[in-house]
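**Student:** Quick note: the sequence shown, position 249, residue 250 per the working numbering, numbers continuous.
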Amino acid sequence: MKNIVLCFDRTQDQSGRRAATNAGALFALVESSPQQLTWYDAGAGAQPRGMNALKWRQTAAEAARTSVEEAYRFLVDVWTPGDQIYLFGVGRGASCARELARLLATIGVWRDRRDHLLDYLLDTYVLPRTARTAADWARVTRLAAHLTGRTDPAVPVRYLGLFDSVTIPAAAARSAADHLPNVTAGRHAVAIDGGHFGERIRAVEEVWFRGAHCDVAGRPGACWPLADIPLDWVLDGAVRAGVRLRGGCRLPSPTEFDALAGSSHPLSMRKLPEDARVHASVELYVRAHPQYWRRLPARIEWADAEWLARGERLVPTGAPLPIAPATPRELAAAAT
Numbered sequence: 002m003k004n005i006v007l008c009f010d011r012t013q014d015q016s017g018r019r020a021a022t023n024a025g026a027l028f029a030l031v032e033s034s035p036q037q038l039t040w041y042d043a044g045a046g047a048q049p050r051g052m053n054a055l056k057w058r059q060t061a062a063e064a065a066r067t068s069v070e071e072a073y074r075f076l077v078d079v080w081t082p083g084d085q086i087y088l089f090g091v092g093r094g095a096s097c098a099r100e101l102a103r104l105l106a107t108i109g110v111w112r113d114r115r116d117h118l119l120d121y122l123l124d125t126y127v128l129p130r131t132a133r134t135a136a137d138w139a140r141v142t143r144l145a146a147h148l149t150g151r152t153d154p155a156v157p158v159r160y161l162g163l164f165d166s167v168t169i170p171a172a173a174a175r176s177a178a179d180h181l182p183n184v185t186a187g188r189h190a191v192a193i194d195g196g197h198f199g200e201r202i203r204a205v206e207e208v209w210f211r212g213a214h215c216d217v218a219g220r221p222g223a224c225w226p227l228a229d230i231p232l233d234w235v236l237d238g239a240v241r242a243g244v245r246l247r248g249g250c251r252l253p254s255p256t257e258f259d260a261l262a263g264s265s266h267p268l269s270m271r272k273l274p275e276d277a278r279v280h281a282s283v284e285l286y287v288r289a290h291p292q293y294w295r296r297l298p299a300r301i302e303w304a305d306a307e308w309l310a311r312g313e314r315l316v317p318t319g320a321p322l323p324i325a326p327a328t329p330r331e332l333a334a335a336a337t
């Protein structure tokens with residue numbers, strides 16, 4: 002039995018030491034060995050200047066479909082029963098990771114990548130252009146069960162770790178309540194101050210963090226101390242679920258100073274649901290900036306109350322330790 006870690010990133014339009022997204026920084030800390038196989042996709046970048054919006058939407062959707070199909074075919078090549086699958090993604094890459102989890106719940110892992118029926122299933126059901134009903138997915142599951150000889154073809158996903166999932170353009174809309182019965186554990190970090198196109202995912206533990214999309218996803222323009230807080234939370238869940246990190250050194254987790262970093266974004270397009278689970282780091286900020294309470298619903302639940310007491314985390318032994326405490330992102334950049 003081995004671990005298989007797959008990461009859907011969004012870094013083709015980024016460069017530089019601090020440019021790693023949270024998914025990329027997390028993936029750089031993950032051990033790659035015969036006991037833990039890894040797969041990484043850089044993802045599509047932002048809309049190029051001068052490109053027609055409709056053409057870009059179609060291009061982005063096709064790139065996402067290709068990423069999910071390639072990840073699935075990688076699993077066809079390496080997965081054996083009993084292996085533990087871990088999926089990570091950021092932004093549109095998070096939506097790709099969610100789509101792969103749903104595909105594994107629907108048809109499992111096919112045993113022959115040359116099967117023409119597999120080509121048809123991937124072309125038809127990976128990020129479909131038109132909405133599929135629950136009955137549609139059930140029919141595909143029954144077909145997969147019949148062809149594979151298994152009562153339930155679903156393959157478990159041990160952990161699904163996502164950073165501010167956003168919709169993929171030109172793909173059919175999905176419900177936040179989409180059922181992912183094969184996901185054992187998962188965490189989705191959501192931006193309180195994000196834009197219009199965020200995705201809710203109720204199949205995993207969903208917690209809201211202060212900041213815009215870039216601050217939770219980790220992208221150019223981010224407040225990096227803020228970005229390190231959701232990175233630490235999703236990484237903590239992955240370690241609890243059994244992901245192996247490149248090990249040896251230890252590094253402090255984010256502090257209360259990180260929670261107070263940056264300024265409040267003047268406008269948020271998102272409305273938090275009643276009884277939203279909000280990360281406990283936000284409580285420190287609203288104590289110092291009471292006006293931020295207006296971004297939150299009347300009833301909330303503080304999540305991850307032990308975040309300040311989490312202590313140190315294993316990080317790559319070979320990475321040079323700076324004089325000042327480094328973030329996981331800085332150490333990840335030094336290790337790559």
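Quick reminder that beta carbons are idealized off the backbone N, C-alpha and C, glycines included.
Looking at the structure shown, is Thr39 part of a helix, part of a strand, or coil, going by DSSP?
**Tutor:** strand
**Student:** In the DSSP assignment, find the alpha helix (DSSP H) that holds Trp225 and state where it starts and stops.
**Tutor:** 225 to 242
**Student:** Please give me, in chain order, every unbroken run of the alpha helix (DSSP H) with length at least 4 that falls completely inside the stretch 87 to 152.
**Tutor:** 93 to 108, 117 to 126, 135 to 149
**Student:** Have a look at His266 and Asp194 and give me their C-alpha separation to the nearest angstrom.
**Tutor:** 7 Å
**Student:** For a test of the three-state rule: what should DSSP assign to Trp308, helix, strand or coil?
**Tutor:** helix
**Student:** With a 10 Å radius around its C-beta and 16 neighbouring C-beta atoms as the bar for buried, classify Ala177 as buried or exposed.
**Tutor:** Confidence in Ala177 is poor, its pLDDT being 48 and thus under 50, which makes the residue's placement too unreliable to answer from.
**Student:** Hey, could you find the ends of the alpha helix (DSSP H) Arg25 is sitting in?
**Tutor:** Reading off the sequence, residue 25 comes out as Gly, not Arg. 23 to 29 is the span of the alpha helix (DSSP H), which, as asked, contains Gly25.
**Student:** Measuring only the C-alpha atoms, how far is Pro255 from Asp165?
**Tutor:** 19 Å
**Student:** I'd like the list of long-range same chain contacts for Leu148, defined as Cβ closer than 8 Å, with 5 residues on each side in sequence excluded.
**Tutor:** Leu118, listed in sequence order.
**Student:** Leaving aside the five residues before and after Leu163 along the sequence, list all residues of the same chain whose C-beta is less than 8 Å from its C-beta, in chain order.
**Tutor:** Phe89, Gly90, Val91, Ala95, Ala98, Arg99, Gly187, Arg188, His189, Ala190, Ile202, Val205, Val235
**Student:** Taking the alpha helix (DSSP H) that Asp288 falls in, what are its first and last residues?
**Tutor:** A small fix is needed here, since residue 288 is Arg in this sequence, not Asp. It spans 282 to 289 - the alpha helix (DSSP H) in which Arg288 sits, taken as one unbroken run.
**Student:** Report back the beta-carbon spacing between Asn4 and Gly243 to the nearest angstrom; my notes put them in contact at under 8 Å.
**Tutor:** 7 Å
**Student:** Measure the C-alpha to C-alpha separation of Asp233 and Glu275 and round it to an integer number of angstroms.
**Tutor:** 25 Å
**Student:** Cα separation between Gly83 and Thr142?
**Tutor:** When the Cα atoms are used, Gly83 and Thr142 turn out to be separated by approximately 20 Å.
**Student:** Determine the extent of the alpha helix (DSSP H) in which Val217 is found, giving its start and end residues.
**Tutor:** It spans 214 to 218 - the alpha helix (DSSP H) in which Val217 sits, taken as one unbroken run.
**Student:** Between Leu123, Gly263, Thr131, which lies nearest to Val77 when the distance is taken from Cα to Cα?
**Tutor:** Leu123
**Student:** Does Ala190 come out as helix, strand or coil in the three-state DSSP assignment?
**Tutor:** strand
**Student:** If you follow the alpha helix (DSSP H) that Glu257 is part of, which residue opens it and which one closes it?
**Tutor:** 257 to 260
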